[in-house]
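Colleague: The sequence shown maps to residues 1 to 390 in UniProt numbering.
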Amino acid sequence: MSESTCPATDTQCVCHDPQVQKSAAACISQACSLADSLSAKNATQTACGAPVRSKTRQYYNMSVTLGVLAVSLVLVRVGFKRFWSPSRSLGPDDKIILLTLALRVSGTVLNVKGLADHGLGRDVWTMSARELSTFVMWLYIMEVLYLAELSLLKLSLSAFYLSVFPGTGVRRLLWGVCADNALFGVAFVTAAIFQCSPIHYWWTQYGEHPGRGRCININAMGWSNATMSVLIDVVMIAVPLSQISKLNLHWRRKVGVVIMFLTGTFVTVVSILRLRSLVSFANSNNPTWDQWEVAYWSTIEVNIGMICTCLPSLRLLLLRLFPRLLGSTTASGDRVSYAHASRGQTVLRSLTSLESHENELTDIENAKGSDCQSNLTKSTRVLVKSEEHP
Numbered sequence: 001m002s003e004s005t006c007p008a009t010d011t012q013c014v015c016h017d018p019q020v021q022k023s024a025a026a027c028i029s030q031a032c033s034l035a036d037s038l039s040a041k042n043a044t045q046t047a048c049g050a051p052v053r054s055k056t057r058q059y060y061n062m063s064v065t066l067g068v069l070a071v072s073l074v075l076v077r078v079g080f081k082r083f084w085s086p087s088r089s090l091g092p093d094d095k096i097i098l099l100t101l102a103l104r105v106s107g108t109v110l111n112v113k114g115l116a117d118h119g120l121g122r123d124v125w126t127m128s129a130r131e132l133s134t135f136v137m138w139l140y141i142m143e144v145l146y147l148a149e150l151s152l153l154k155l156s157l158s159a160f161y162l163s164v165f166p167g168t169g170v171r172r173l174l175w176g177v178c179a180d181n182a183l184f185g186v187a188f189v190t191a192a193i194f195q196c197s198p199i200h201y202w203w204t205q206y207g208e209h210p211g212r213g214r215c216i217n218i219n220a221m222g223w224s225n226a227t228m229s230v231l232i233d234v235v236m237i238a239v240p241l242s243q244i245s246k247l248n249l250h251w252r253r254k255v256g257v258v259i260m261f262l263t264g265t266f267v268t269v270v271s272i273l274r275l276r277s278l279v280s281f282a283n284s285n286n287p288t289w290d291q292w293e294v295a296y297w298s299t300i301e302v303n304i305g306m307i308c309t310c311l312p313s314l315r316l317l318l319l320r321l322f323p324r325l326l327g328s329t330t331a332s333g334d335r336v337s338y339a340h341a342s343r344g345q346t347v348l349r350s351l352t353s354l355e356s357h358e359n360e361l362t363d364i365e366n367a368k369g370s371d372c373q374s375n376l377t378k379s380t381r382v383l384v385k386s387e388e389h390p
């Protein structure tokens, strides 16, 4: 109070003096335990008539909505590829996304039951030390899940590109991207798990009995991961775009393919926005409030990433369901019918373009060629109808 011009009995003046509030907070944090500090801050804020803030519901709604949407689209994608697509099989990218799906279901549940239900989006002084320790434990689990999901998402997308582009040079580059994704994923997940020694010190340091332990520079780890993630995203967008000009497609179809690949830039934009939220990461005196933005953008990033990986398969499905509405990719001369009589049979053959209708990317996926040139092979299905005549 010696640093303030406010009388000790003037509550409103003291409450609105930032220097007094800063000095009092520093004194309490040095002289009191965490539990006492939270109680003192709670009493001070109550006396000052501070509003009770909460962004928990907003986080809850976003997490559930995007989580359900992402999981549903992955299930549609996998179901279509397995039971309705021409190949009736799952590729490596589909199998990786299924593993990501399992983590995303767990992540969505923990977002609600772990973070939202234990204080995310509230001021820390509205909680007890035990509640804060529980919140930090769930935050730790979600951090590990986030890093694993992000790595698997990038691996799935890399595997998809490998199935699309046949050129030797670009495949070598994509295999390099896959290796980088795998190595960085393992490295950062391992670092996240063992960031404190002992591991449980990451959350017990905020409890009533913190014990002893030490942690690495968590802020540096968060920034390193986020920066590498953005750089890999940029490479993974540049690689497919660099190959579009080599494809023997009509310019309108090239534009459609470019637009589809550019949807991935939205994930990169979200990743960059998330960087801004890392300013106070692990350096906050109000973690339940300040970590809300990090958790919010991280959840959006993972869910939107899963949705984007499903777009090619969704395009396949829509083209199959609504071929006329979405337009044909087959020239009028592609449909041929003729009759051939042999041994009393009339064989009617119709060369259809069903697979071409199904997928704007069929031409790419079936392209065969060298590193210098990608030639297109149109996939068709021959329907044979045999009729016996007396």
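Positions of the beta carbon are idealized from the N, C-alpha and C atoms, including for glycine.
Report the start-end ranges of each alpha helix (DSSP H) in the stretch 114–178 that is 4 residues or longer and not cut off at the edges.
Modeller: As far as the stretch 114–178 is concerned, its whole alpha helix (DSSP H) runs of at least 4 residues are 129–164.
Colleague: May I ask you to list the residues that DSSP assigns as paired with Ser313?
Modeller: The partner list for Ser313 (beta bridge, DSSP) is empty, contrary to what the question assumes.
Colleague: Decide yes or no for the touch test of the stretch 63–81 against the stretch 98–115: beta carbon pairs closer than 8 Å, at least 3 of them.
Modeller: Touching, per the Cβ criterion.
Colleague: Taking the alpha-carbon of Met306 as reference, which of Thr100, Trp203, Asp123, Val136 has the nearest alpha-carbon?
Modeller: That would be Thr100, whose Cα lies nearest to the Cα of Met306.
Colleague: Buried or exposed for Thr46, going by 16 or more other Cβ atoms inside 10 Å?
Modeller: Looking at its Cβ environment, which holds fewer than 16 other Cβ atoms inside 10 Å, Thr46 is exposed.
Colleague: From Ala238 to Leu317, what distance separates their C-alpha atoms?
Modeller: In a straight line, the C-alpha of Ala238 is about 26 Å away from that of Leu317.
Colleague: Just verifying my parser: in three-state terms, what is the DSSP assignment at Arg324?
Modeller: Residue state, collapsed to three classes: helix.
Colleague: Could you tell me whether the stretch 152–171 touches the stretch 116–136, using the rule of 3 or more Cβ pairs below 8 Å?
Modeller: In short, these stretches do not touch, since the Cβ pair count stays below three.
Colleague: Out of Thr126, Met137, Leu321, Thr309, point me to the one whose CA is closest to Ile96's CA.
Modeller: The shortest C-alpha separation from Ile96 is found at Thr309.
Colleague: With a threshold of 8 Å on Cβ separation, who are the neighbours of residue 418 within its own chain once the five nearest residues in sequence on each side are excluded?
Modeller: A query on residue 418 cannot be resolved here, the shown segment of the chain reaching from 1 to 390 and no further.
Colleague: Thinking just about the alpha-carbon of each residue, which of Pro198, Thr44, Trp203, Trp223 is nearest to the one in Arg214?
Modeller: Checked all of Pro198, Thr44, Trp203, Trp223; the closest Cα to Arg214 is Pro198.
Colleague: Ignore the nearest five residues each way along the sequence and tell me which others in Trp175's own chain have a CB closer than 6 Å to its CB.
Modeller: Cβ within range, chain order: n/a, list empty.
Colleague: I'd like to know whether the C-beta atoms of Ala116 and Tyr59 end up nearer to each other than 8 Å.
Modeller: Closer than 8 Å, so yes.
Colleague: Where does Arg274 sit, in a helix, a strand or coil, going by DSSP?
Modeller: Correct three-state label for Arg274: helix.
Colleague: So which of Leu273, Thr263, Arg130, Ser163 has the shortest CA-CA distance to Pro210?
Modeller: Among Leu273, Thr263, Arg130, Ser163, the Cα nearest to that of Pro210 is on Arg130.
Colleague: Between Leu273 and Trp297, which are expected to be in contact by the criterion C-beta below 8 Å, what is the C-beta distance as a whole number of angstroms?
Modeller: Contact holds; Cβ gap of about 6 Å.
Colleague: Please state whether DSSP places Leu183 in a helix, a strand or coil.
Modeller: Correct three-state label for Leu183: helix.
Colleague: Just curious, the alpha helix (DSSP H) that Gly222 is in, first and last residue?
Modeller: 218–244 is the extent of the alpha helix (DSSP H) around Gly222.
Colleague: For the alpha helix (DSSP H) that Ile96 lies in, which residues bound it at each end?
Modeller: Residues 92–110.
Colleague: Would you identify the three-state DSSP class for Leu247, choosing helix, strand or coil?
Modeller: Strand.
Colleague: Secondary structure at Arg252, three-state DSSP: helix, strand or coil?
Modeller: Here Arg252 sits in helix by DSSP.
Colleague: Looking only at its chain, what residues have a beta carbon closer than 7 Å to the beta carbon of Leu241, apart from the 5 residues adjacent to it on each side?
Modeller: If we look at Leu241 and ignore the five residues flanking it on each side, its Cβ neighbours are Val258, Phe261.
Colleague: Take Tyr146 and list the residues in its own chain whose beta-carbon comes closer than 7 Å to its own, dropping the five residues that flank it on each side.
Modeller: Same-chain partners within the cutoff: Ser298, Val302.
Colleague: Tell me which same chain residues have a C-beta within less than 7 Å of the C-beta of Ser133, skipping the five on either side of it?
Modeller: These residues qualify, in order along the chain: Trp203, Thr204, Tyr206, Gly207.
Colleague: Going by DSSP, what residues sit across from Cys196 in a beta bridge?
Modeller: The partner list for Cys196 (beta bridge, DSSP) reads Cys215.
Colleague: Looking only at its chain, what residues have a beta carbon closer than 7 Å to the beta carbon of Leu162, apart from the 5 residues adjacent to it on each side?
Modeller: These residues qualify, in order along the chain: Arg171, Leu174.
Colleague: I need the DSSP call for residue 410, collapsed to helix, strand or coil.
Modeller: The question about residue 410 has no answer, for the chain in this structure spans 1 to 390.
Colleague: Name the DSSP beta bridge partners of Ala89, please?
Modeller: Note on identity: in this sequence residue 89 is Ser, with Ala being the wrong assignment. The partner list for Ser89 (beta bridge, DSSP) is empty, contrary to what the question assumes.
Colleague: DSSP state of Ser284, grouped into three classes?
Modeller: If DSSP states are grouped into helix, strand and coil, Ser284 belongs with coil.
Colleague: Using DSSP's beta-bridge definition, name the partner residues of Ser54.
Modeller: Beta-bridge pairing links Ser54 to Arg122.
Colleague: Return the chain-ordered list of same chain residues with a C-beta closer than 8 Å to the C-beta of Ala159, the five sequence neighbours on each side being excluded.
Modeller: Gly91, Pro92, Asp93, Ile96, Cys178, listed in sequence order.
Colleague: Should Lys113 be labelled buried (16 or more other beta-carbon atoms within 10 Å of its own) or exposed?
Modeller: The residue is exposed, with fewer than 16 neighbouring Cβ atoms inside 10 Å.
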